[in-house]
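*Asks:*
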Amino acid sequence: MTETVAQSTVADAKAPPDTMAWDSGLRRLMMIYLPLGCFVLILLFPFYWMAITSFKPNAELMNYRDNNPFWVSSPTLAHIKHLLFNTAYPQWLKTTMMVAIGSTTLSLIASTLAAYAIERLRFRGSPYVGLGIYLAYLVPPSILFIPLATVVVQFGLFDSPLALILVYPTFLVPFCTWLLIGYFKSIPYELEECALVDGATRLQILRRITLPLAVPGLISAGIFSFTLSWNEFIYALAFIQSGANKTVPVAILTELVTGDVYQWGALMAGSLLGSLPVAIFYSLFVDYYVSSLTGAVKE
Amino acid sequence: MSVTTLSSDALAQRQPNWIVRLFDYKPFLIAMCLAPALGLLTVFLTYPLGLGLWLAFTDTTIGRRGIFVGLENFQYLLTDPLWWNAVFYSVFYTAVATFGKFALGFWLALLLNNHFPFKSLLRAIVLLPWIVPTVLSALAFWWIYDPQFSIISYLLVDVLHWRSSNIDFLGSPWPARFSLIAANIWRGIPFVAISLLAGLQTISPSLYEAAMLDGASAWQRFRYITFPMMMPILAIVMTFSIIFTFTDFQLVYAITRGGPVNSTHLLATLAFQRGIAGGELGEGAAIAVSMIPFLVFATLFSYFGLARRKWQQGEAND
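As they're listed, the protein sequences go chains A and B.
Residue numbers 22 to 320, in this note's numbering, belong to the letters of the first sequence in order.
Residue numbers 19 to 336, in this note's numbering, belong to the letters of the second sequence in order.
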């Protein structure tokens with residue numbers, strides 16, 4: 022609230038010289054609204070194209086002479102129907118959901134405890150442990166997937182969604198831990214001291230005082246982990262072989278792309294349906310998401 | 019709140035449960051709290067990282083334990099034109115895409131930093147390309163780049179009449195390379211823009227007021243206030259962006275799978291092709307390991323960015 026007030030007064034303060042110099046309505050239109058419009062158009066067009074394609078009948082899809090490609094004149098649900106009833110799509114969605122929820126839960130538990138230990142239990146070397154976890158975030162999956170594939174085989178987890186649930190925390194835990202360390206820092210230490218003086222145990226403090234106050238941080242970390250594990254591709258591609266256990270992104274690319282004639286309608290419908298859960302989830306918690314993204318960068 | 023804490027504490031004191039006492043013993047508690055995170059990271063990150071380094075020096079294939087072959091894999095890679103090609107394209111892809119993402123993302127952040135209606139809605143919409151699974155938006159790009167039914171070709175040929183024939187986006191090396199870079203930039207802009215927007219909002223408006231009183235032009239305000247103040251955050255975001263662009267896999271794998279004629283292989287896709295699809299785990303691991311020097315370089319870049327930040331803060335604290 023105070024921020025908006027401050028900003029609006031700044032805008033007022035800024036306005037007179039700018040208007041005198043060169044800021045007219047037209048100028049503002051050309052310098053701000055026009056480029057913004059272009060950005061939004063380009064950033065959203067692929068989604069529009071994805072959506073419109075998935076409702077087009079095949080005849081319209083392959084004929085731009087007689088139909089306006091930007092619109093659909095006789096929308097059809099045939100592609101979505103095909104996807105839901107003739108392929109294992111519901112199964113893929115279920116697997117993806119299970120993997121995403123499983124790995125998110127696991128990472129949240131692990132990183133809450135780790136962040137609490139690093140930030141609040143303060144021991145010798147705790148900054149180094151924090152730094153080590155941060156460095157783990159800089160190790161990209163692309164250099165890990167080959168040795169990890171052999172590790173997964175050694176554990177007998179090849180082709181099992183459980184492998185993904187266990188492996189995804191490698192990129193989720195570092196991020197969540199750093200996010201939560203930031204949140205724990207913002208909780209006044211005095212609250213914990215009071216509880217300590219009252220004789221509460223450390224675990225009671227964590228459960229009754231720190232965690233309830235860190236709920237926004239937990240939500241941000243949870244959303245972030247969920248979307249990241251929903252979107253993960255390379256591990257799922259390397260570790261899962263049988264059609265039924267695949268996650269949505271992998272399954273669409275490997276099971277739906279067959280032959281030389283691509284079923285663009287079905288492919289786009291699959292992409293649309295696969296994007297919807299994260300998009301809906303995201304729209305419910307936009308503010309948490311943005312704050313986690315920017316908070317993690319600022320750390 | 020305090021009442022419940024007190025009563026349960028009294029309860030704990032009346033029955034001195036050894037488990038409760040153990041969990042209140044600080045070293046034990048610290049170990050317990052760190053165990054899940056460090057355990058997961060050790061087993062599935064540190065160990066595979068070491069194993070990958072070891073595999074790179076062996077001739078392991080799927081189903082057969084390899085023997086130590088020294089630098090043979092790397093010597094082979096140095097003579098392999100495909101590897102050199104992948105190195106070239108990885109560097110080129112990272113350089114062009116990062117430049118594009120930051121130029122456009124910074125511009126978008128500056129635009130979003132203005133005041134206009136529906137700002138938060140717009141900010142939410144702008145992030146969409148970043149949260150949607152990359153492979154799925156890559157599929158949309160694949161369809162947009164279709165040789166016959168590309169909507170871009172349709173616009174240029176049939177609507178604007180700028181060209182006489184369809185563009186063959188993915189059929190020949192250079193157009194395919196630039197098409198992939200365009201898709202990568204499209205996906206990266208939101209992250210850069212939103213992160214930089216957060217940085218822009220932390221710049222104190224009084225700096226701009228002071229500069230305007232001194233008669234600084236809009237460009238000078240950007241050059242001497244916005245840009246230097248944004249340096250630390252730019253360095254961090256850029257490091258992340260470089261690391262994850264250089265090791266990108268999904269976009270290329272989904273759209274071209276390294277084709278046409280292996281011209282768009284990144285190191286990651288080449289490693290996958292050799293290591294998992296081809297079964298030559300040792301060679302794939304060697305390709306993956308060959309990415310590490312580039313990543314170390316990017317991390318050092320971040321380190322010096324951070325060092326600069328501390329120096330700036332020290333000066334601003336007076």
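Yeah, the Cβ is synthetic: ideal placement off N, Cα and C, and Gly gets one too.
Alpha carbon to alpha carbon, what distance is there between residue 191 of chain B and residue 95 of chain B?
*Replies:* The residue labelled residue 95 of chain B in the question sits at position 77 within the second sequence. The residue labelled residue 191 of chain B in the question sits at position 173 within the second sequence. Near 22 Å, if we compare the C-alpha coordinates of residue 191 of chain B and residue 95 of chain B.
*Asks:* Beta carbon of residue 108 of chain A, beta carbon of residue 78 of chain A: below 8 Å?
*Replies:* Working through the first sequence from its first residue, we reach residue 108 of chain A at position 87. Working through the first sequence from its first residue, we reach residue 78 of chain A at position 57. Cβ atoms of residue 108 of chain A and residue 78 of chain A: not closer than 8 Å.
*Asks:* Closer than 6 Å by C-beta to residue 114 of chain B: which residues in its own chain qualify, once you throw out the five before and the five after it? Chain order, please.
*Replies:* What you label residue 114 of chain B is simply residue 96 of the second sequence in a count that begins at 1. Contacts found: 199.
*Asks:* Within 8 Å, do at least three Cβ pairs link the region 111-126 of chain B to the region 207-223 of chain B?
*Replies:* In short, these stretches touch, since the Cβ pair count reaches three.
*Asks:* Opposite residue 86 of chain B in the DSSP bridges: which residues?
*Replies:* Along the second sequence, one-based indexing puts residue 86 of chain B at 68. Paired residues: B/76.
*Asks:* What would DSSP say about residue 166 of chain B, mapped onto helix, strand or coil?
*Replies:* On the second sequence, position 148 is the one that residue 166 of chain B refers to. Note: residue 166 of chain B maps to coil in three-state DSSP.
*Asks:* Give the straight-line distance between the Cα atoms of residue 226 of chain B and residue 235 of chain B, rounded to the nearest whole angstrom.
*Replies:* As a first step, residue 226 of chain B is located in the second sequence; it is residue number 208 there, counting from the start. As a first step, residue 235 of chain B is located in the second sequence; it is residue number 217 there, counting from the start. Cα-Cα distance, rounded: 10 Å.
*Asks:* In chain order, what residues of the region 118-144 of chain A put their CB closer than 7 Å to some CB of chain B?
*Replies:* 130, 131, 132, 134, 135, 137, 138, 142 and 144
*Asks:* Are the C-beta of residue 114 of chain B and some C-beta of chain A separated by less than 8 Å?
*Replies:* Indexing the second sequence from 1 puts residue 114 of chain B at position 96. Not closer than 8 Å to any Cβ of chain A, the Cβ of residue 114 of chain B fails to qualify, so no.
*Asks:* For residue 161 of chain B and residue 210 of chain A, I'd like the C-alpha separation in whole angstroms.
*Replies:* Sequence index remark: in the second sequence, residue 161 of chain B carries index 143 (1-based). Sequence index remark: in the first sequence, residue 210 of chain A carries index 189 (1-based). Between the C-alpha atoms of residue 161 of chain B and residue 210 of chain A there is a straight-line separation of about 54 Å.
*Asks:* For residue 273 of chain A and chain B, any beta-carbon pair shorter than 8 Å?
*Replies:* By 1-based counting over the first sequence, the position of residue 273 of chain A is 252. Output row for residue 273 of chain A: interface = yes.
*Asks:* Starting from the Cα of residue 261 of chain A, find the closest Cα among A/184, A/64 and A/110 and give me that residue.
*Replies:* Along the first sequence, read from residue 1 onward, the residue named residue 261 of chain A stands at position 240. Measuring from the Cα of residue 261 of chain A, the nearest candidate turns out to be A/184.
*Asks:* Just tell me which of A/76, A/146, A/87 and A/113 has its CA closest to the CA of residue 45 of chain B.
*Replies:* Numbered from its first residue, the second sequence carries residue 45 of chain B at position 27. Out of A/76, A/146, A/87 and A/113, A/146 has the C-alpha closest to the C-alpha of residue 45 of chain B.
*Asks:* Does the pairing of the region 203-221 of chain A with the region 171-188 of chain A give three or more beta-carbon distances under 8 Å?
*Replies:* Proximity of the region 203-221 of chain A to the region 171-188 of chain A falls short of the contact definition, fewer than three beta-carbon pairs being nearer than 8 Å.
*Asks:* So for residue 309 of chain B, helix, strand or coil by DSSP?
*Replies:* Locating residue 309 of chain B in the second sequence gives position 291, counting from the first residue. Looking at residue 309 of chain B - three-state DSSP - the assignment turns out to be coil, as it is neither helix nor strand.
*Asks:* At what residues does the alpha helix (DSSP H) containing residue 286 of chain B begin and finish?
*Replies:* For the purposes of this step, residue 286 of chain B is taken as the residue at position 268 of the second sequence. Residues 285-290.
*Asks:* Taking 8 Å as the CB-CB limit, is residue 285 of chain A close to chain B?
*Replies:* Working through the first sequence from its first residue, we reach residue 285 of chain A at position 264. Yes, contact with chain B.
*Asks:* Check whether the region 161-179 of chain A touches the region 291-300 of chain B, taking contact to mean three or more Cβ pairs, one atom from each stretch, closer than 8 Å.
*Replies:* yes
*Asks:* Which residues in the same chain as residue 70 of chain B place their Cβ atom closer than 7 Å to its Cβ, once the five residues preceding and following it in sequence are excluded?
*Replies:* As a position in the second sequence, residue 70 of chain B is number 52, starting the count at 1. Excluding positions up to five away in sequence, the list reads 303, 306 and 307.
*Asks:* State the DSSP-derived secondary structure class of residue 222 of chain A, mapped to helix, strand or coil.
*Replies:* Taking the first sequence and counting its residues from 1, one reaches residue 222 of chain A at position 201. Three-state DSSP puts residue 222 of chain A in coil, outside helix and strand.
*Asks:* What residue does the alpha helix (DSSP H) around residue 84 of chain A start on, and which one ends it?
*Replies:* Residue mapping note: residue 84 of chain A aligns to position 63 of the first sequence, counting from 1. For residue 84 of chain A, no alpha helix (DSSP H) segment is defined, and its DSSP state is neither H nor E.
*Asks:* Could you check where the alpha helix (DSSP H) with residue 92 of chain A kicks off and where it finishes?
*Replies:* As a first step, residue 92 of chain A is located in the first sequence; it is residue number 71 there, counting from the start. Counting along the chain, residue 92 of chain A falls outside any alpha helix (DSSP H), and DSSP gives it neither H nor E.
*Asks:* Buried or exposed: residue 47 of chain A, going by 16 or more other Cβ atoms within 10 Å of its Cβ?
*Replies:* Stepping through the first sequence from its first residue, residue 47 of chain A is reached at position 26. Label assigned to residue 47 of chain A: exposed.
*Asks:* Take residue 275 of chain A as the anchor and find which of A/306, A/205 and A/258 has the nearest alpha-carbon.
*Replies:* Looking up residue 275 of chain A in the first sequence gives position 254. Answer by Cα proximity: A/258.
*Asks:* Of the residues A/86, A/250, A/92 and A/188, which one's Cα is nearest the Cα of residue 298 of chain A?
*Replies:* As a first step, residue 298 of chain A must be located in the first sequence, where it is residue number 277. With distances taken between CA atoms, residue 298 of chain A lies nearest to A/250 out of A/86, A/250, A/92 and A/188.
*Asks:* Assess, as a yes-or-no matter, whether the region 51-65 of chain B is touched by the region 73-86 of chain B under the definition of 3 or more beta carbon pairs within less than 8 Å.
*Replies:* Judged by pairs of C-beta atoms under 8 Å, the region 73-86 of chain B does not touch the region 51-65 of chain B, as fewer than three such pairs exist.
*Asks:* Could you check if residue 120 of chain B is buried or exposed, using at least 16 other CB atoms within 10 Å of its CB as the buried criterion?
*Replies:* Here residue 120 of chain B refers to the residue found at position 102 when the second sequence is read from its first residue. Classification for residue 120 of chain B: buried.
*Asks:* Looking only at its own chain, which residues have a Cβ that is under 6 Å from the Cβ of residue 279 of chain A, when we skip the five neighbours before and after it?
*Replies:* Start at 1 with the first residue of the first sequence, and residue 279 of chain A comes out as number 258. Cβ within range, chain order: n/a, list empty.
*Asks:* Can you grab the Cα-Cα spacing for the pair residue 132 of chain A / residue 54 of chain A, in whole Å?
*Replies:* As a first step, residue 132 of chain A must be located in the first sequence, where it is residue number 111. As a first step, residue 54 of chain A must be located in the first sequence, where it is residue number 33. Cα to Cα, residue 132 of chain A sits roughly 42 Å from residue 54 of chain A.
*Asks:* Is the CB of residue 236 of chain A under 8 Å away from at least one CB in chain B?
*Replies:* Sequence index remark: in the first sequence, residue 236 of chain A carries index 215 (1-based). Taking Cβ atoms only, chain B never reaches closer than 8 Å to residue 236 of chain A, which makes this a no.
*Asks:* Pop quiz: residue 58 of chain B and residue 194 of chain A are said to be a contact at Cβ under 8 Å. What is the actual Cβ separation, rounded to whole angstroms?
*Replies:* The sequence position of residue 58 of chain B within the second sequence is 40, counting from 1. The sequence position of residue 194 of chain A within the first sequence is 173, counting from 1. The pair is a contact, with the Cβ atoms about 6 Å apart (cut-off 8 Å).
*Asks:* Measuring CB to CB, does residue 201 of chain B end up less than 8 Å from residue 229 of chain B?
*Replies:* As a position in the second sequence, residue 201 of chain B is number 183, starting the count at 1. As a position in the second sequence, residue 229 of chain B is number 211, starting the count at 1. In this structure, the beta-carbon distance from residue 201 of chain B to residue 229 of chain B does not fall below 8 Å.
*Asks:* According to a CB-to-CB cut-off of less than 9 Å, which residues of the region 43-67 of chain A neighbour chain B?
*Replies:* 43, 49, 52, 53, 54, 56, 57, 60, 61, 63, 64, 65, 66 and 67
*Asks:* Within 8 Å (strictly less), CB to CB, does residue 309 of chain B reach chain A?
*Replies:* Taking the first residue of the second sequence as 1, we reach residue 309 of chain B at position 291. So yes, residue 309 of chain B belongs to the interface.
*Asks:* Under 8 Å, do residue 271 of chain B and residue 195 of chain B count as touching if we go by C-beta distance?
*Replies:* What you label residue 271 of chain B is simply residue 253 of the second sequence in a count that begins at 1. What you label residue 195 of chain B is simply residue 177 of the second sequence in a count that begins at 1. No; because the gap between Cβ atoms is not below 8 Å, this pair is not in contact.
*Asks:* Is the beta carbon of residue 151 of chain B less than 8 Å from the beta carbon of residue 161 of chain A?
*Replies:* Taking the second sequence and counting its residues from 1, one reaches residue 151 of chain B at position 133. Taking the first sequence and counting its residues from 1, one reaches residue 161 of chain A at position 140. Their beta carbons are not under 8 Å apart, which means residue 151 of chain B does not touch residue 161 of chain A by this criterion.
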